[in-house]
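Structure record follows, encoded as structure tokens.
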Amino acid sequence: MPLALLALAIGAFGIGTTEFVIMGLLPEVAQDFGVSIPTAGWLVTGYALGVTAGAPIMTVLSTRIPRKRMLMLLMGLFIVGNLVSAVAPVFAVMLIGRAIASLAHGAFFGIGSVVAADLVAPEKKAGAIAMMFTGLTVANVVGVPLGTFIGQSVGWRVTFAVVAALGVLGLAGIARLVPEMPRPEGVHLRHELAAFKNVQVLLAMAMTVLGFGGVFAAITYIAPMMTHVAGYADSSVTWLLVLFGLGMVVGNLVGGRFADRALMPMLYISLGALAVVLALFTLTAHDKIAAAVTIALVGALGFATVPPLQKRVLDQAHAAPTLASAVNIGAFNLGNALSAWLGGLVIAAGLGYTAPNWVGAALAGAALVLAVLSAALERRGSASSTVVAGAGTGDGAAVMGNATEQRSAVRS
432 MPLALLALAI GAFGIGTTEF VIMGLLPEVA QDFGVSIPTA GWLVTGYALG VTAGAPIMTV
492 LSTRIPRKRM LMLLMGLFIV GNLVSAVAPV FAVMLIGRAI ASLAHGAFFG IGSVVAADLV
552 APEKKAGAIA MMFTGLTVAN VVGVPLGTFI GQSVGWRVTF AVVAALGVLG LAGIARLVPE
612 MPRPEGVHLR HELAAFKNVQ VLLAMAMTVL GFGGVFAAIT YIAPMMTHVA GYADSSVTWL
672 LVLFGLGMVV GNLVGGRFAD RALMPMLYIS LGALAVVLAL FTLTAHDKIA AAVTIALVGA
732 LGFATVPPLQ KRVLDQAHAA PTLASAVNIG AFNLGNALSA WLGGLVIAAG LGYTAPNWVG
792 AALAGAALVL AVLSAALERR GSASSTVVAG AGTGDGAAVM GNATEQRSAV RS
């Protein structure tokens, strides 16, 4: 794998840390600003919505900017957003800081996915994408637990200052290691937009929204769920997030490996198993050991879907993949926003801290249904093409046969 993938992974590490660390700090942030846990959950929802809106906007703005330079600009925006969050005097300002940082997220991973795929041979594209996303998953093993520990020990503001410093490191890595890669000639915005006429692209994005949304329905409220239901101490949330991160690392690498071999079967297995595990989480959350195992499984199964979903979008929008790739990253975060909002609703309705797990199971199950539908439509399209091609060949043979008969008649 090219060394440039390391630079992309460094940037992904910083972005992954700021995206997920807020989940372990929701109680501290809520207490500091004097808001409820569901209200503090808007820091997750707002960030996710910012990614969803920012992905296409920032990608469109980058149509005339070389990809390396755009990646550097996005990291700069990420740094500013986290600094605003670190010094926010009121909850609304912190929400604005999260929104600023989120604008960089979707375009970074969207453009980064295209760059990563272009750096390797066609049969290694999913593996290269998974390598970049490894930075995101490792963030959950190192960055998020460390950020949670710092936030609980020194203060959550220090955590976001450290995250801003990670952004500076990512910016330096991109400047040093990523090669200059100008945008392909002849590809314009209208070509990028044309990808959204493809039903398979839209179905893949819908799978992304629902499938990964299932993960966030449970994980957004992991801190109160583990402390109020499972009986863990506040300090235990750190290593529970490590388990989630380890599961993400394993799932991401496995998903990338098998997506290059059997993409749709990989989606069937991961989405189906995710739905089952999330449903069981409503029961296992009441036992410390079972809850810890389930958290790791949710991380593994959730991120096993990321490389195949991202690769499917790239494959279906192969002629002009940059905008579709970025929008699919936004789709991941739209799922995060949707599930965090729904999870907050069921908690606010008095259904308990385990209720979001049922929401997650339903979302993952819906994604599996879409995956089966997508594959069925693809098979039907392939069969129709074969029939048309066969009919064309048969018509040609009939014409040649008639011509032969006519020549025989003339000679007679």
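In our numbering, each number is its position in the sequence shown, counted from 1, plus 431.
The beta-carbon is built from N, C-alpha and C at its ideal position, and this holds for glycine as well.
CA nearest to the CA of Thr785, picked from Asn571, Ile653, Met612 and Ala438: Ile653
Reference Met506; option with closest CA among Asp691, Val630 and Ala595: Ala595
For Arg811, count neighbouring Cβ atoms within 10 angstroms of its own Cβ and tell me buried if that reaches 16, exposed if not. exposed
Alpha-carbon spacing of Trp789 relative to Leu711, whole angstroms: 9 Å
Alpha carbon of Leu437 to alpha carbon of Ala771, nearest angstrom: 31 Å
Ranges of the alpha helix (DSSP H) found wholly within the region 653 to 741, counting only runs of at least 4: 653 to 656, 668 to 690, 694 to 715 and 719 to 734
Within the region 735 to 806, ranges of the beta strand (DSSP E) (whole runs, at least 3 residues): none
In the structure shown, what three-state DSSP assignment does Val844 receive? There is no way to answer for residue 844, as the model of the chain reaches only from 432 to 843.
Go through the region 567 to 593 residue by residue and report every complete run of the alpha helix (DSSP H) that reaches 4 residues or more, in order. 575 to 584
Our contact map puts Lys742 next to Leu694 with C-beta atoms below 8 Å; I'd like the distance itself, whole angstroms only. 7 Å
Met489 versus Arg607, Leu633 and Gly541, residue with shortest Cα-Cα distance: Gly541
Going residue by residue through the region 440 to 501, where are the continuous alpha helix (DSSP H) segments of at least 4 residues, counting only ones entirely within it? 468 to 471 and 473 to 492
Below 7 Å between beta carbons: does that hold for Arg529 and Gly566? no
Return yes when the Cβ of Ala768 is within less than 7 Å of the Cβ of Ala479, no when it is not. yes
For Ala471 versus Ala484, is the C-beta spacing smaller than 7 Å? no
By the 10 Å Cβ neighbour count, where 16 or more other Cβ atoms means buried, how is Ser467 classified, buried or exposed? exposed
Assuming Phe627 is part of the alpha helix (DSSP H), what are its boundary residues? Counting along the chain, Phe627 falls outside any alpha helix (DSSP H), and DSSP gives it neither H nor E.
Mind checking which residues open and close the alpha helix (DSSP H) that includes Met525? Phe522 to Asp549
Cβ contact (3+ pairs, closer than 8 Å) linking the region 677 to 697 and the region 725 to 743: yes
Say whether the region 503 to 523 touches the region 579 to 586, bearing in mind that this needs 3 or more beta-carbon pairs closer than 8 Å, one atom from each stretch. no
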